[in-house]
Amino acid sequence: MIPFYFFESLIFLIFGLVLILKNVLIKNLLKYIHEKNLFFIPGFIEIIMGLSTLYFRHDTQLSSLVFLVGILLFIDGVFYLLMSDKLSSTIEWMLKLEDKSFRIYGLFIIIIAAGLVSSAFFIVQ
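The opening position of the sequence shown corresponds to residue 1 in the working numbering, with each subsequent residue numbered one higher.
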């Protein structure tokens, strides 16, 4: 399904660009999630995105890439829901990271977005 892959890659692209250009905004968002203990929100979002990606993976010729992205999103979302106490230390560690590390992570997210856009063009006929 082409619109789904474009929508998901747009989400990844925006998130990656914000990580590269305005990483203070992401750090403030992480700090807010950590202070209010709202780990279930990104968990549910990642589970929904992961299951949707896994559902539509048969529509593309790059099904192995799409399967990998979907399963990793789903697993990460489950970890957010089940291990919210352990995530506090991880969030504190991420808040102490340098801007360069956040930019590298943003570049990685943009590469994933490019893979999802390319999977939208390799649709099974």
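Think of the CB as a built atom: it goes at the ideal place given N, C-alpha and C, for glycine as much as any other residue.
Bear in mind that the values here come from a model prediction, so they are computed numbers and not experimental data.
For the structure I just gave you, are there three or more beta carbon pairs, one from the stretch 22 to 41 and one from the stretch 84 to 92, closer than 8 Å? yes
Counted within 10 angstroms of its Cβ, other Cβ atoms place E8 as buried (16 or more) or exposed = buried
Per DSSP, which one or two residues make a beta bridge with T53?
Residue pairing of T53 in beta bridges, as defined by DSSP: absent, with no partner found.
Exercise. By a C-beta neighbour count over all protein chains shown, 10 Å radius and 16 as the cutoff for buried, is M83 buried or exposed?
Worked result: Its Cβ having fewer than 16 others within 10 Å, M83 is exposed.
Would you please state the rounded distance, in angstroms, between the beta carbons of Y80 and G43? I believe it to be under 8 Å.
3 Å
Q) With burial defined as no fewer than 16 other Cβ atoms inside 10 Å of the residue's Cβ, what is the status of I64: buried or exposed? A) The displayed chain sequence assigns Ser, not Ile, to residue 64. By the 10 Å Cβ count, S64 comes out exposed.
| query | The alpha helix (DSSP H) spanning K86 covers which residue range? | reply | 84 to 95
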